[in-house]
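Some notes on the structure that comes next.
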Amino acid sequence: TQLLEQSPQFLSIQEGENLTVYCNSSSVFSSLQWYRQEPGEGPVLLVTVVTGGEVKKLKRLTFQFGDARKDSSLHITAAQPGDTGLYLCAGVIGGYQKVTFGTGTKLQVIP
Amino acid sequence: KAGVTQTPRYLIKTRGQQVTLSCSPISGHRSVSWYQQTPGQGLQFLFEYFSETQRNKGNFPGRFSGRQFSNSRSEMNVSTLELGDSALYLCASSREGFEKLFFGSGTQLSVL
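Heads up: the sequence lines are chains Y and E, in that order. Reading the first sequence from the start, the letters are residues 1 to 111 in my numbering. Reading the second sequence from the start, the letters are residues 112 to 223 in my numbering.
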């Protein structure tokens, strides 16, 4: 069974702080996605990274795909209360062959 | 453009009963996938349908089944419910596969 381990599992920080969430696996993925989920809702796609070493930025969020396409990181600069939620990474193999979700990182940003 | 619609939003059942959940994908999306989310196990893949055919299946017992209709709407069924089946069941749709998933708000199932 493929596993996608995320760390940390929980994170509680003050508004304005920076943070990094990690997503690690021993498997190689065709692409890796990051989602954010708020209570009572389904996950919402933030970004998809496809190429090893790829870096994508979404306002204050920076996503990186590892060179070997086995791991990824999400860095948030100057976190805001609106960033609060459950962050999930998801590794995809072959487009439609397999998808595995990470264990999740619950982020709380305190005003 | 309407999003993914899941019904019902909440369900309460007792052990041994069966349940059917419904998912209407975004118009034009042919792939529908289902997931179970629990605090302990996280988000786990159940199965995926594309053009009425099951293409992929996760590691769940045969009590969990699904189907997809010609209009891409999908249903999942859980028979002989167990307490451990209590979870948020999410469906997601996409054009082709897992490359860009759009999730519904889920059905919260409680088994008593």
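Every residue, glycine too, gets a C-beta built ideally from N, C-alpha and C.
Quick check on residue i: does DSSP put it in helix, strand or coil?
i, result
"L192(E)", "coil"
"G91(Y)", "strand"
"G82(Y)", "helix"
"R120(E)", "coil"
"N167(E)", "strand"
"S73(Y)", "strand"
"R60(Y)", "coil"
"G177(E)", "strand"
"Y96(Y)", "coil"
"Q147(E)", "strand"
"K211(E)", "coil"
"R184(E)", "coil"
"G153(E)", "strand"
"L3(Y)", "coil"
"V21(Y)", "strand"
"R126(E)", "coil"
"F29(Y)", "coil"
Suppose you measure from the CA of residue i to the CA of residue j; what does that come to, to the nearest Å?
i, j, result
"L139(E)", "S162(E)", "Strictly speaking, residue 139(E) in this sequence is Gly, with Leu absent from that position. Those two C-alpha atoms are separated by around 11 angstroms."
"T1(Y)", "S27(Y)", "Bear in mind that the predicted position of T1(Y) carries a pLDDT of just 49, short of 50, making it unreliable; the figure below should be weighed with that in mind. Computed Cα separation, rounded: 10 angstroms."
"R184(E)", "Q6(Y)", "33 angstroms"
"Q129(E)", "L154(E)", "22 angstroms"
"R166(E)", "S204(E)", "14 angstroms"
"C89(Y)", "R126(E)", "33 angstroms"
"G104(Y)", "N182(E)", "33 angstroms"
"L4(Y)", "P111(Y)", "31 angstroms"
"Q64(Y)", "G52(Y)", "9 angstroms"
"D71(Y)", "Q33(Y)", "11 angstroms"
"P136(E)", "E41(Y)", "16 angstroms"
"C134(E)", "S142(E)", "11 angstroms"
"L132(E)", "T118(E)", "6 angstroms"
"H75(Y)", "S190(E)", "42 angstroms"
"T62(Y)", "L223(E)", "43 angstroms"
"V21(Y)", "L58(Y)", "15 angstroms"
"P81(Y)", "R36(Y)", "14 angstroms"
Do we get a CB-CB distance below 7 angstroms when we pair residue i with the residues of chain Y?
i, result
"G208(E)", "yes"
"S216(E)", "yes"
"F156(E)", "yes"
"L220(E)", "no"
How would you list, in chain order, the residues of chain Y whose beta-carbon sits under 8 angstroms from the beta-carbon of residue i?
i, result
"R166(E)", "Y96"
"L201(E)", "G42, P43"
Between residue i and chain E, is the shortest Cβ-Cβ distance under 7 angstroms, so that the two count as touching?
i, result
"P43(Y)", "yes"
"Q21(Y)", "Looking at the sequence provided, one finds Val at residue 21(Y) rather than Gln. No, V21(Y) does not count as interfacial toward chain E."
"F101(Y)", "yes"
"V92(Y)", "yes"
Please list the partners that residue i has in chain E, where partner means a Cβ-to-Cβ separation under 7 angstroms.
i, result
"G104(Y)", "G153"
"S31(Y)", "E210"
"L88(Y)", "L154"
Which bits of chain E does residue i rub up against, with CB to CB less than 9 angstroms?
i, result
"T48(Y)", "E210, K211"
Would you mind telling me which residues of chain Y sit closer than 9 angstroms to residue i, beta carbon to beta carbon, in chain order?
i, result
"S142(E)", "Y96"
*asked:* Pairs of beta-carbons, one from the segment 170-182 of chain E and one from the segment 112-119 of chain E, closer than 8 angstroms: are there three or more?
replied: no
_Using 8 angstroms as the cut-off, can you tell me whether the segment 85-100 of chain Y makes contact with the segment 185-197 of chain E, which would need three or more C-beta pairs spanning the two stretches below that distance?_
no
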